[in-house]
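584 is the number of the first residue of the sequence shown in this note's numbering; add one for each residue after it.
Cβ atoms here follow ideal geometry from the backbone N, Cα and C, with glycine treated the same way.
Computed from a prediction, not measured in an experiment: that's the story for all the values here.
Take a look at the structure set out below.
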Amino acid sequence: MNKKIKIDNGLLLTIIAFAIISILTINSAMTYVSASSGNLVLKQTIWYLIGTLLVLVIMHYKNDYLYRNSFIFYIIFCILLLLLLFFGKPINNSRCWFQIPGIGSFQPSEFMKIILMLQLAVMINNFKTTYDNPDIHEEAMFILKTLIIVLIPSFLTFLEPDTGSVLMYLIIYISMMFASSIRLRWFIILFLIIGVIGLTTISIYLISNNLFIKIFGTKLFYRINRILSWHSGSGMQLENALASIGSAGLFGHGYKNTPLYFPEAATDFIFAVYASNFGLIGSLLLVSLIFFFDIKLIKLVDKRIIMPDKYIIIGIVSCLVFQQIQNIGMTIGLLPITGITLPFISYGGSSLLSYMLMLGIILNISNESNTHKYKYKF
């Protein structure tokens, strides 16, 4: 007998608010969006409707189905990432999208984030249920296996190139592994390795740009240069976004009245459009909604839920919080500009559907808490 589905009203109302804010802000951003992009408002509305159906499908099949088939999904999307390098549509010198006639573009890396969460949650859960007190060798083998799982899509995504998604894979991996309670020494070793590689790379960049390009190529040079030069505030995109936000005052310039043009108004820089329209008060309202949503997710970790659910919630929270901080931070000039969008708000079919998939997983966890034994092996 199926249990009656109970949906958390707080989560539901927050998502509805996100949808309204997203569609209204995209409509405002259309002033500065090329006509060749089509009607983004209609497209985003359709993606939200499709996303709602996806949530219902996920809630019907339950999270167990996703966990049991996570490795199959992983293999499929690794193949898709590989095929992108040969058949992906080039946009801004990147091959991150498949072009689907009559539908639009499809970005596999957006869904790979969730698939990595699912696969890592299963691997961590099975490791914890197999070894009550693992020794160093057992932990080392476990870490090696999980690293391989993360590095394969990271390498393929880096070649597209899509540095933002690679960074998200690593954020998800580190947060979920930290939650797995493995020995602290592994994280110290990991951060030391990352630090040495990072310092060596930056040192070569600072010593000789030509040498850096010979070793790493022009694409990585451009990415490093973009990160290291963000603090100068140079660039029309950031300068106009800051001017639009800074002049908005308490209540903004008014709806559909963004005073200056800046690229990616409906995607990467949608917060600048919203803040310029609705001012400080509107911005605080949106940030409060985001904070409320994140707190609701964090509270799920405290419930008595099965271990893979606990780990995947941590992965989802780390993913969303990082994207929220990075997107808003880069918009107001506090962080480097990347291609990371604002979850549930920025335009994008693949990204929105991936967030709605996360929502379906979250609602399943909220609905099924206290219905399973804590240990559950797949």
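Report the three-state DSSP secondary structure of residue i (helix, strand or coil).
i: P673; result: strand
i: I697; result: helix
i: N953; result: Reliability fails at N953, whose pLDDT of 47 lies under 50, so the model's placement of it is uncertain and the value that follows must be treated cautiously. Reduced to three states, the DSSP call for N953 is coil.
i: D745; result: coil
i: I603; result: helix
i: G865; result: helix
i: S822; result: Looking at the sequence itself, residue 822 is Glu, so the reference to Ser does not match. E822 falls in the helix class under three-state DSSP.
i: P891; result: helix
i: L775; result: helix
i: S929; result: coil
i: E722; result: helix
i: R651; result: helix
i: F854; result: helix
i: I735; result: helix
i: G552; result: Lying outside 584 to 961, the shown extent of the chain, residue 552 is not represented and no answer is given.
i: I923; result: coil
i: L880; result: helix
i: F875; result: helix
i: T783; result: helix
i: F795; result: helix
i: Y844; result: coil
i: S763; result: coil
i: I590; result: coil
i: N646; result: helix
i: I944; result: helix
i: S617; result: coil
i: S830; result: coil
i: L596; result: helix
i: E915; result: This sequence places Ile at residue 915; Glu is not what is there. Reduced to three states, the DSSP call for I915 is coil.
i: I790; result: helix
i: K886; result: coil
i: A849; result: coil
i: N716; result: coil
Please check the pair residue i and residue j, which I expect to be a contact at CB under 8 angstroms, by giving their CB distance rounded to whole angstroms.
i: L703; j: G898; result: 7 angstroms
i: S859; j: S901; result: Rounded, the Cβ-Cβ distance is 30 angstroms, inconsistent with contact.
i: P891; j: N708; result: 4 angstroms
i: M695; j: F660; result: 5 angstroms
i: G943; j: L637; result: 6 angstroms
i: L701; j: F656; result: 7 angstroms
i: G835; j: G865; result: 6 angstroms
i: V856; j: A612; result: 5 angstroms
i: L903; j: Q909; result: In fact, because the Cβ distance is near 11 angstroms, the residues do not count as touching under 8 angstroms.
i: I726; j: I777; result: About 14 angstroms separates the two Cβ atoms, so there is no contact after all.
i: F601; j: F861; result: Not really, about 15 angstroms apart at Cβ, beyond 8 angstroms.
i: C679; j: G671; result: 7 angstroms
i: V884; j: I895; result: That belief does not hold up - the Cβ atoms of V884 and I895 are roughly 10 angstroms apart, past 8 angstroms.
i: F761; j: F770; result: 7 angstroms
Run through the DSSP bridge pairs and tell me what residue i is partnered with.
i: Q682; result: S688
Is there a C-beta anywhere in chain C that falls below 7 angstroms from the one on residue i?
i: G862; result: Checking the listed chains, one finds no chain C in this structure; it contains a single protein chain.
Self-check item: Contact between the region 908-919 and the region 731-746 (3+ Cβ pairs under 8 angstroms)
Solution: no
Self-check item: Cβ contact (3+ pairs, closer than 8 angstroms) linking the region 945-952 and the region 628-643
Solution: yes
Self-check item: Three-pair Cβ contact test at 8 angstroms for the region 621-641 versus the region 924-942
Solution: yes
Quiz item: Does the count of Cβ pairs from the region 664-679 and the region 708-717 closer than 8 angstroms reach three?
Solution: no
Quiz item: Quick check: the region 850-858 against the region 917-928, are there 3 or more CB pairs under 8 angstroms?
Solution: yes
Quiz item: Hey, is the region 864-879 in contact with the region 755-773, meaning 3+ C-beta pairs nearer than 8 angstroms?
Solution: no
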